[in-house]
Amino acid sequence: MSGVNTTFLGGHATKSGLPEARDRTQIDKIIQEASKGSKFYAFQQRREQRIAEKVAALQIKKTQLSTGYSKAEQETRKWLADAESRRILERTYLHIDMDAFFAAVEVLRRPELATVPMAVGGESMLSTSNYVARTFGVVAAMPGYIARKLCPHLIIIPPDYTAYRAAGAKVHEVLRSYDPNMSSFSLDEASLDITDYLARSSATPEEVTEELRGRVLRASNLTCSAGVGCSRQLAKIGSNVNKPNGQFILPPDPEKILEFLKKQPVKRINGIGKVTAKILEDLLKVVTCADIISQATWIRLLFSEIQSEFLLLSALGMGSAFGDGDGSERKSMSVERTFKKIDALSDMQVVLKKLCKRLAEDLLEEEWAGKTVSIKMKTAAFDTLTRAVTLENPVSTDEEIYKHASKLLSKNKPPDLRLLGVRLSGLTTDAPRYRCLDDFAHEPVERPSCPVCTQSIDAHPDDTLRINEHIDKCLVPQSNLVPQSKKPRRTLDAFFNKSGPL
DNA sequence: ATACATACC
DNA sequence: TACTGGTATGTAT
């Protein structure tokens with residue numbers, strides 16, 4: 154093993170293929186040189202080692218299971234036939250992927266950037282690059298300083314999310330006219346169910362997609378690529394086929410679908426990343442979706458049921474891709490920051506406090522509270538540690554979150570850190586508005602007492618509005634006209650702030 | 001419930 | 001000099 158695979162160094166170009174000014178080996182060499190000797194490089198080496206061990210363990214498992222293979226093969230055949238019989242071809246999905254989105258928005262403002270290598274991001278990380286930069290091997294998720302080694306003339310533009318949001322909103326508006334329930338994964342990608350639209354319009358999917366892309370272009374001055382298929386997953390894979398500024402229509406025909414997937418590398422499947430792709434290749438020589446089918450028995454024998462079912466269904470083009478379902482509620486909220494290495498607990502606490510404040514602000518905006526507080530620590534060597542506590546009652550203020558987070562930190566303080574994060578999960582919306590009046594009437598409760606006048610307040614302990622009204626009156630006795638805070642919790646928080654840490 | 005790993009943009 | 005941040009989910013314990 155000569156060095157870390159550049160796929161693990163942020164250099165991989167699984168993105169759309171343009172002719173490259175430099176060939177792949179040359180690019181890989183430059184990335185290697187730029188990374189060698191860094192802590193990050195060492196970390197990736199350890200990571201690759203771990204993956205190699207995992208593959209070795211699976212290889213042993215494979216030899217041990219070889220006697221049961223033929224029986225398992227019968228079952229696999231049955232499983233595949235059964236799955237095939239349930240294929241759904243009736244709905245039509247369209248996946249939209251904006252071309253080099255952030256970079257394209259920047260080009261709108263500064264057209265001269267269209268013809269020079271340019272990327273959006275910072276010295277430590279790039280979000281995207283334009284197509285000129287890609288010919289140098291400069292891609293998203295690559296550190297800016299490495300990108301400069303590949304392309305010394307690269308122009309790096311700091312991101313302007315406000316502009317991207319505005320551009321994204323224009324695009325979404327167009328998309329919603331094709332599917333009002335359109336779900337967008339991010340600013341630059343969206344999945345539409347266009348079955349109803351097609352039924353109404355009597356135009357072909359090709360025509361509708363051309364028209365849609367034309368409308369997106371006119372509304373935003375941005376180009377996009379589109380894929381159409383009978384599942385969201387297929388539509389998404391298809392959107393990559395004729396990128397940029399192109400489209401691909403996959404007919405709802407099982408034979409055409411399988412023929413299309415045959416050539417697709419497994420890495421194209423949403424949910425298969427570089428680790429899974431490497432394990433599949435090293436263990437079973439699986440590279441394409443067709444390989445998944447031909448190795449289906451081993452996949453079922455060696456991987457978990459969830460994992461193998463996902464892989465096989467995906468390879469058949471029947472995967473229920475992410476976003477297929479609900480689109481549901483948020484499950485957690487978190488904040489994390491990377492910084493120059495720190496060693497002292499007190500410095501860590503200062504950062505942690507800021508993170509908690511930020512998290513509390515974000516929580517307040519959507520009125521969430523949560524029962525599980527977690528912290529995430531990344532050492533200077535890039536090892537990640539997480540620690541969590543689950544509480545009796547949901548919390549939402551920075552003081553409460555910090556109280557638990559800092560306990561977790563001091564109990565587990567690593568020698569050094571390059572990143573800290575706080576997360577709140579087990580979320581509930583903390584407003585008492587879902588309680589009906591009956592709850593208040595029947596529950597025997599203790600009256601809360603006022604921290605100012607120390608008298609008991611004639612209100613339920615959850616009734617922060619009335620409690621705050623009372624406290625406000627005590628705090629400002631000369632005024633009868635107490636302006637009602639829209640966010641009652643704030644008043645109480647402000648009152649107790651003095652006793653909080655820092 | 002907790003820790004860790006993988007994935008996506 | 002320098003390798004993100006936010007969210008979800010799968011796996012193992």
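For the first sequence, the working numbering gives the first residue as 154, with consecutive numbering after it. Idealized CB from N, CA, C, for every residue including glycine.
Buried/exposed call for residue i, threshold 16 Cβ in 10 Å
i	result
Asn393	buried
Ile184	buried
Ser140	As displayed, the chain neither begins before 154 nor continues past 655, which places residue 140 out of reach and without an answer.
Val273	buried
Asn546	exposed
Asn374	exposed
Ala558	buried
Ile402	buried
Phe456	buried
Asp252	buried
Val629	Annotation note: pLDDT 28 at Val629 (below 50); position unreliable, no value reported.
Ile213	exposed
Gln227	exposed
Glu265	exposed
Glu360	exposed
Arg219	What sits at residue 219 in the sequence shown is Ser, not Arg. Flag for Ser219 reads exposed.
Glu458	exposed
Lys396	buried
Phe492	exposed
Close beta carbons around residue i, own chain, < 8 Å, minus the five adjacent residues each side
i	result
Thr229	Ala449, Thr450 and Arg453
Arg371	none
Lys566	Leu498 and Met501
Ala236	Leu465, Leu466, Leu469 and Met471
Thr216	none
Glu186	Lys302
Thr539	Ser527, Ile528, Lys529 and Met530
Sequence-distant residues of its chain with Cβ nearer than 7 Å to residue i (five each side left out)
i	result
Ser442	The identity of residue 442 in the sequence shown is Cys, whereas the question assumes Ser. Excluding sequence neighbours, Cys442 sits near Leu414, Lys415, Gln417, Val419 and Ala468.
Pro311	Gly275
Leu303	Ile180, Ile183, Phe289, Gly290 and Val291
Ile425	Val419
Val428	Ile204
Ala293	Leu279, Ser280, Thr281 and Ser282
Ile563	Before going on, a small fix: residue 563 reads as Ser here, not Ile. Closer than 7 Å at Cβ, skipping near neighbours: Leu498.
Nonlocal neighbours in the same chain, by C-beta distance under 6 Å from residue i, ignoring five residues either side
i	result
Ala533	Lys494, Asp569 and Arg571
Lys231	none
Val258	Ala316, Tyr317 and Ala320
Asp551	Cys509, Lys510 and Ala513
Leu162	Ile184 and Ser188
Thr178	none
Glu342	Asp250
Boundaries (first-last residue) of the alpha helix (DSSP H) holding residue i
i	result
Lys438	Neither: Lys438 is in no alpha helix (DSSP H) and is coded neither H nor E.
Ala253	Unbroken run through Ala253: none, as it is neither H nor E.
Val202	Before going on, a small fix: residue 202 reads as Gln here, not Val. Note, Gln202: alpha helix (DSSP H), Lys192 to Leu218.
Ser559	Asp551 to Lys564
Pro407	Pro407 to Lys416
Leu233	Tyr222 to Ser238
Ile241	Unbroken run through Ile241: none, as it is neither H nor E.
Gly187	Residue 187 is actually Ala in this sequence, not Gly. Counting along the chain, the alpha helix (DSSP H) containing Ala187 begins and ends at Arg177 to Ser188.
Gly275	Element bounds for Gly275: n/a, residue is neither H nor E.
Ala388	Arg385 to Ser392
Limits of the unbroken beta strand (DSSP E) element including residue i
i	result
Asp346	Glu342 to Asp346
Ser487	Ser485 to Ile495
Thr288	Where Thr288 is concerned, there is no enclosing beta strand (DSSP E), given that its DSSP letter is neither H nor E.
Glu519	Looking at the DSSP string, Glu519 is not in any beta strand (DSSP E); the run it does join, the alpha helix (DSSP H), is Leu498 to Glu519.
Glu545	Thr537 to Val548
Leu279	Leu279 to Ser282
Arg576	Leu570 to Thr582
Phe161	Here Phe161 belongs to no beta strand (DSSP E), and DSSP marks it neither H nor E.
Near the ligand MN: residue i beta-carbon under 7 Å from a heavy atom
i	result
Leu455	With respect to small molecules bound, the structure shown includes none, and the ligand MN cannot be examined in it.
### Message
Under 8 Å: do the stretch 424–440 and the stretch 203–223 share three or more Cβ pairs, one atom per stretch?
### Response
Three or more beta-carbon pairs drawn from the stretch 424–440 and the stretch 203–223 are found closer than 8 Å, and the two stretches are therefore classed as touching.
### Query
Between the stretch 236–251 and the stretch 458–473, do three or more beta carbon pairs fall short of 8 Å?
A contact exists between the stretch 236–251 and the stretch 458–473.
#### Entry: In chain order, each alpha helix (DSSP H) run of at least 4 residues that lies wholly inside the stretch 423–472
Correct list: 427–437, 442–447, 449–455 and 458–469.
#### Entry: Contact between the stretch 513–525 and the stretch 480–491 (3+ Cβ pairs under 8 Å)
Flag = yes, the stretch 513–525 and the stretch 480–491 touch.
### the stretch 190–201 touching the stretch 535–548, judged by at least three CB pairs closer than 8 Å
Contact between the stretch 190–201 and the stretch 535–548 is present: three or more C-beta pairs spanning the two stretches fall below 8 Å.
### Task
Mind the definition here: the stretch 321–333 touches the stretch 282–294 only if three or more C-beta pairs lie below 8 Å; say whether that holds.
Fewer than three pairs of CB atoms, one per stretch, sit closer than 8 Å, so the stretch 321–333 makes no contact with the stretch 282–294.
### Inter-stretch contact (C-beta, 8 Å, three-pair minimum) for the stretch 300–310 and the stretch 345–354
Per the Cβ contact rule, the stretch 300–310 is not in contact with the stretch 345–354 (fewer than 3 Cβ pairs under 8 Å).
### Query
Fully enclosed by the stretch 304–380, which alpha helix (DSSP H) runs are 4 residues long or longer?
Whole alpha helix (DSSP H) segments, 4+ residues: 314–329, 348–354 and 358–373.
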